[in-house]
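Colleague: If you read the protein sequences in the order shown, they are chains Y and V. Note that the first sequence ends on residue 479 in the working numbering; no numbers are left out. Note that the second sequence ends on residue 515 in the working numbering; no numbers are left out. Built from N, CA and C at the ideal position, the CB exists for glycine as well. Take a look at this one; I'll ask things after.
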Amino acid sequence: METALPLIFVTIMGLSLLLYVILDGYDLGVGLLLPLGSDREKDIMIASIGPFWDANETWIVMGIGVLLIAFPSAHGIILTKLYLPATIMLLGLILRGVAFDFRVKAGDSKKEMWNRIFFIGSLVASMAQGWMLGSYITGLNGSLTNTVFSILIAFCLPALYCVLGATWLLIKTEGDLFAKAVGWARKSVLPMAIGLFLVSIATPLVSDVIAERWFQLPNFIGLMPIPIASAIALGLLTILLRRDVDRLRELNPWYLFICPVIVCLMAALGLAYSIFPDIIIGQMTIWESAAHTSALMFTFYGVCIALPCIVLYTIFIYRVFAGKATALSYD
Amino acid sequence: MEFDPFVLSRIQFALNISFHILFPTITIGLGYFLLFFRIRYTLTKDPHWEFIYSFWVKVFALTFALGVVTGIVMSFQFGTNWPGFMEEVGNIAGPLLGYEVLTAFFLEASFLGIMLFGRQRVSNRLHLIATSIVTIGTTLSAFWILSLNSWMQTPTGYTYENGVMIAESWSAVIFNPSFPYRFAHMMVASLLTASFLVAGVSAWRMLKGVGGPATMKVLRIGMIAAAILTPTQMFIGDLHGLNTLKHQPAKVAAMEGIWETQKGAPLTLFGFPDEELRTTRSAIKVPKLGSLILTHEWDGELKGLNDFNGQHPPVAPVFWSFRIMVGVGMMMLLVSWACCWQIWRKGSINRFSQRVLFAMTFSGWVAVLAGWYVTEIGRQPWMVSGLVTTAEVVADHPPGILITTLAAYFAMYAFLLVSYIGAVFYMSSKPAKSLIHMHNYGLPGKHPEDRAYSPIEDPVAKAADSNRSSINQTSINQTAGS
C-alpha cells in the first residue's frame with residue numbers, strides 16, 4: 149500500500165486537474181468569448197454555463213486539495229514558487245465568479261460593467277493558469293528561457309479554452325448564436341493548434357529531463373500515439389468546422405466538443421509521462437513527498453465512497469440541464 | 034520602513050479568511066431558512082412562501098458565489114503563505130480538508146444548480162431535496178473545517194512516528210475536546226446572522242414601501258428565530274468558555290484581562306489592557322463575578338497572564354473583540370425580544386424598530402468576526418496549540434511581493450463588499466412579488482390564494498397600499514424578469 153497509495157493519489161490529482169481544464173475550460177472559454185455576443189446572446193451564453201460553473205470550479209479545489217493532502221511538502225514548494233501567478237489567477241477567478249451573479253443582480257445600469265469584469269476575470273485566470281503550467285513544466289526555476297516559455301503557454305491556454313467554449317456553445321445554443329459560435333470555433337482552432345505545436349516542441353528544449361524521457365528508443369515509438377491522436381482530433385475538428393453552418397446544425401454537436409477534449413486528454417497523458425515519477429520535475433518524486441500512509445489511507449476510504457457519488461450526481465445534473473440553454477430563471 | 038514577511042503573511046491570511054467567513058456564515062444559516070420556506074410552501078401551497086423563497090434564493094446564490102470564490106483562495110493560501118503548516122501537521126489537517134472537499138464542496142456546488150435554476154425542470158419534490166442537500170452540504174462543510182480549526186486549538190488523537198506527526202485515532206482528532214462547542218457556537222452564529230439579515234432586509238423593504246404581505250411574514254420568522262437563538266447562543270457560548278478555560282487558559286485570561294492568578298477574580302467590564310505595564314488601565318470591575326462566570330464558583334481560581342511565561346496571546350485585541358461580540362449579542366437579545374413583543378401585541382413592529390432592524394442587517398457579521406478574532410488571536414503564538422508556533426511555518430516571500438498582493442486583495446475585497454451590500458439592497462428595492470400579487474388581485478383576501486394571509490394594520494402597509502397605484506407594469510415586469 150505504501151507504494152500504491154501515492155500512485156493512486158497522483159492519478160486522482162491528475163484526473164481532477166484534467167477535468168478542471170476541460171470543464172472550467174469551457175466556462176472560461178465562454179467568458180473569453182462573451183464580449184463578441186450581442187446583449188441578448190450574452191445572457192444565453194451565461195445561461196449555457198450557469199448551472200455548471202460552480203461544480204466545474206470545484207475540480208481545481210479538488211486537484212490542489214489532493215496535492216495538499218497527499219503531497220504536502222510538494223504543495224508547499226510548488227505554491228510558494230507559483231505565488232504570484234497563483235494570486236493573479238485567484239483574483240481572476242474571484243472576479244469571474246462574482247460577476248456571474250452581479251451582472252443580473254446589481255442592476256441594469258451596472259450589467260455592462262459586470263459583463264466586462266466577467267471577461268477580464270476569465271482572461272486573467274486562464275492566462276495565469278497558462279503561466280503556472282509553464283513554470284511548473286520547466287521545473288519552477290525562473291531563468292529567461294523558462295520565463296519566455298511560460299509566457300508562451302500563458303497565451304496558448306486561452307486559445308484552447310476558446311475552442312472548448314465555442315464548441316460547448318454549439319451544444320447549448322441554436323439560431324444566430326450557433327452560427328456565431330461556429331465562427332469563433334473556426335477562428336480559435338488555428339491559434340490553439342499553433343500553440344500546442346510550439347509547446348510540444350519547446351517543452352523538451354527547455355527541460356532536459358523531459359527531452360531525455362521522450363527521445364530515446366523504443367519509448368519514442370511507443371509514445372507516438374499521443375501526438376498522432378491529438379493531430380487526428382484537431383484535423384477532424386478543422387474538417388467538421390469547414391462544413392456549412394446549416395449542415396453543422398444537423399450534426400451531433402458533441403462530436404465537435406469531444407475533439408478539443410481529446411486534445412486535452414492527450415496533452416495530459418503526454419505531460420504525465422514527461423513528469424512521472426516526479427512531482428516536481430528533477431527535484432522530488434511522488435514517493436519522496438507523499439504524506440504518511442495513515443493519512444493517505446484515511447482519505448482513500450473517503451475517496452472510494454465519495455468520488456463515485458460525485459460522478460453519479462454530476463452526470464445527473466448534466467442530464468437535468470441537458471439540451472439547448474434558455475435564459476436562466478429562478479422561477 | 035521595514036516590513037516583516039511574517040506580519041504581512043498574517044495580515045493577508047487574516048484579511049482573506051475574514052472576508053471569506055462573511056459569506057459562508059450567511060449561506061449556512063440562510064440555507065435553513067430557505068428550506069423552511071420551501072417546506073412551508075410544499076405543505077400549504079400558499080404562494081407567499083414561493084415569493085419569499087424566490088427572493089431569498091437570489092440572495093443565497095449571490096452570497097454562495099462569493100463564498101466559493103473566496104474559499105478557493107483559502108485552499109491556495111495554506112501553500113502560498115504557510116507551507117510549513119502542511120509539512121508539520123499535513124497528515125492530520127490534510128485529510129480533514131480532503132473530506133470537506135469530497136463530502137461537502139461538490140455536493141453544494143452541484144445541487145446548487147438545481148436549487149437555483151431547476152424549478153421548471155424538476156418536480157417540486159426533487160427541488161425540495163436539492164435545497165435540503167445544499168443546506169446539508171453547507172453544514173457538512175462547516176463540520177469539517179471547524180473540526181480542523183478545533184483540532185488546531187485543542188489537538189488530540191495524534192502521535193509521532195520517526196519525528197512525523199500522524200493521527201493515532203481519527204475519531205479523537207475529529208471530535209477533539211473543543212469541537213462540539215465550537216461547531217454548535219458557529220452553527221447558531223450562522224443562523225443568527227441569517228435571522229438578522231432576513232429581518233433587516235424585510236424591515237428596509239417596509240420602510241421603503243416596497244414590502245408586501247409576505248415581507249412581514251419573513252420579518253416575523255427572523256425575529257422569532259433570533260429571540261430563541263440569542264439566549265441559546267449565550268448558553269452555548271458559556272459552555273464554550275468553560276471548555277476554553279480548561280484547555281486554553283491563556284486565551285481566557287486575555288479575554289478577561291486577568292494578569293495575576295487569583296481566587297475570586299472580578300469581572301472586568303471595561304478597561305484598557307496594557308501589556309507593558311501588565312495591567313488593565315481604568316478598569317471597571319465587578320468583584321468576584323469573573324470567577325463565578327468562568328468557574329461557576331465565587332472563589333474559583335483563575336490563572337493570570339503573567340503565569341504563562343510570555344506564551345500568551347496579545348491581550349488588547351482579544352479583550353476588545355470579546356467585548357464587541359458580547360455587546361452585539363446583548364443588542365440582538367434586546368432587539369429580538371422587543372420586536373417579538375411588538376409582533377405579539379400588535380402583529381407588526383413600529384417604524385423605529387424597523388430602522389433598528391435595518392441598521393442591524395449585518396450585525397451578525399460583526400459578532401462572528403469579533404468571535405473569530407477572540408479564538409484565533411487567542412490561540413497565538415501557536416498555530417497548533419502547544420505544538421507548532423505560527424512563526425515556524427511562514428513562507429519566506431520578499432516583503433515587496435507580499436505588500437503588492439495584500440494591496441490587491443484588499444482593493445478587490447473592498448470593491449466586492451460594497452458591490453455585495455449594494456446588490457442585496459438593490460434587489461430588495463424592487464417591489465415585493467407578494468405586493469404585486471396583491472396589486473393584480475385587488476385587496477388582500479379577495480383572491481382565494483390570499484386566504485391564509487390576514488392583512489396587517491400598520492402605517493407602512495397602508496403606505497404600501499396607497500403606493501400600489503404607482504406600481505406600474507414596468508416594475509412588475511422588472512421583478513418578474515429578475
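#1: If contact is defined by three or more beta carbon pairs under 8 Å, each pair taking one atom from either stretch, is the segment 385-398 of chain V in contact with the segment 311-328 of chain V?
#2: Measure from the alpha carbon of LEU272/V to the alpha carbon of each residue in TYR214/V, LEU140/V and THR113/V, then state which is nearest.
#3: Does DSSP put ALA298/V in a helix, a strand or coil?
#4: Look at ASN209/V and GLY190/V and say whether their C-beta atoms are less than 9 Å apart.
#5: Let me make sure I understand the geometry here. Which of ALA217/V, LEU67/V and ASP332/V has the alpha-carbon closest to that of GLY270/V?
#6: For ALA203/Y, which of PHE469/Y, GLY471/Y, THR462/Y and ARG467/Y has the nearest alpha-carbon?
#7: So, do the segment 157-164 of chain V and the segment 260-270 of chain Y have three or more beta carbon pairs nearer to each other than 8 Å?
#8: Measure the CB-CB distance between GLY313/Y and LEU180/Y and report whether it falls below 9 Å.
#9: Do we get a CB-CB distance below 9 Å when we pair GLY450/Y with the residues of chain V?
#10: Would GLY323/Y and ILE301/Y qualify as a contact pair, given that the criterion is a beta-carbon distance under 9 Å?
#11: Between the segment 141-165 of chain V and chain Y, which residues of the former have CB atoms less than 9 Å from a CB of the latter, in chain order?
#12: Output, in chain order, the set of chain Y residues within a Cβ distance shorter than 7 Å of PHE111/V.
#13: Have a look at GLN413/V, GLY104/V, ARG311/V and GLY337/V and flag the residue whose alpha-carbon is nearest the alpha-carbon of ASN49/V.
#14: Per DSSP, which one or two residues make a beta bridge with PHE305/V?
#15: If you count every other CB in all the chains shown that lies within 10 Å of the CB of TYR74/V, and 16 or more means buried, which is it?
#16: In terms of residue numbering, what span does the beta strand (DSSP E) encompassing TRP415/V cover?
#17: Taking buried to mean at least 16 other C-beta atoms within 10 Å of its own C-beta, is ALA286/V buried or exposed?
#18: I need the boundaries of the beta strand (DSSP E) containing ASP426/Y, first residue and last residue.
#19: Taking three-plus beta-carbon pairs below 8 Å as touching, is the segment 131-139 of chain V in contact with the segment 164-181 of chain V?
#20: List, in order along the chain, the chain Y residues whose C-beta lies closer than 7 Å to that of ASN124/V?
#21: Taking Cβ to Cβ, would you say VAL468/Y is nearer than 9 Å to GLY151/V?
#22: Looking at the structure shown, is ILE147/V part of a helix, part of a strand, or coil, going by DSSP?
#23: Do you know offhand how far HIS280/V's Cα is from GLY127/V's?
#24: Within 10 angstroms of its Cβ, does TYR449/Y collect 16 or more other Cβ (buried), or is it exposed?
#25: For a contact meaning CB atoms closer than 8 Å, what does TRP184/V contact in chain Y?
#26: Tell me, to the nearest whole angstrom, how far the beta carbon of PHE229/V is from that of ALA259/V; I am working on the premise that it is less than 8 Å.
#27: Determine the closest residue to MET161/Y out of LEU292/Y, THR351/Y, ALA218/Y and ILE406/Y, with distance taken between C-alpha atoms.
#28: Looking only at its own chain, which residues have a Cβ that is under 7 Å from the Cβ of SER315/V, when we skip the five neighbours before and after it?
#29: Check the Cβ-Cβ distances between ALA441/V and every residue of chain Y, and say whether any is below 9 Å.
#30: Does DSSP classify LEU399/Y as helix, strand or coil?
#31: Spatial neighbours of TYR446/V within its chain, please: C-beta separation below 6 Å, excluding the five flanking residues on both sides.
#32: Give a yes or no on whether 9 Å exceeds the smallest Cβ distance from THR77/V to chain Y.
#33: Taking 9 Å as the CB-CB limit, is PRO220/Y close to chain V?
#34: Rounded to whole angstroms, what is the Cα-Cα separation between GLY196/V and THR423/V?
#35: Is there at least one Cβ from chain Y nearer than 9 Å to LEU272/V's Cβ?
#36: Exposed or buried, LYS91/V, counting other C-beta atoms within 10 Å across all chains shown (16 or more means buried)?
Modeller: Considering the structure as presented:
#1: no
#2: TYR214/V
#3: coil
#4: yes
#5: ALA217/V
#6: THR462/Y
#7: no
#8: yes
#9: yes
#10: no
#11: GLU141, ALA142, SER143, PHE144, LEU145, GLY146, ILE147, LEU149, PHE150, GLY151, ARG152, GLN153, ARG154, VAL155 and LEU159
#12: LEU216
#13: With distances taken between CA atoms, ASN49/V lies nearest to GLY104/V out of GLN413/V, GLY104/V, ARG311/V and GLY337/V.
#14: ARG314/V
#15: buried
#16: 415-417
#17: buried
#18: 426-428
#19: The count of Cβ pairs closer than 8 Å, one atom from the segment 131-139 of chain V and one from the segment 164-181 of chain V, reaches three, so the stretches are in contact.
#20: ALA439, HIS440, SER442 and ALA443
#21: Yes, Cβ-Cβ distance for VAL468/Y and GLY151/V is below 9 Å.
#22: Under the three-state reduction of DSSP output, ILE147/V falls in the helix class.
#23: 24 Å
#24: exposed
#25: Identification of chain Y residues near TRP184/V by a Cβ-Cβ cut-off of 8 Å yields none; the smallest Cβ-Cβ distance measures about 13 Å.
#26: 6 Å
#27: ALA218/Y
#28: GLY304 and PHE305
#29: yes
#30: coil
#31: PHE52, listed in sequence order.
#32: no
#33: yes
#34: 19 Å
#35: no
#36: buried
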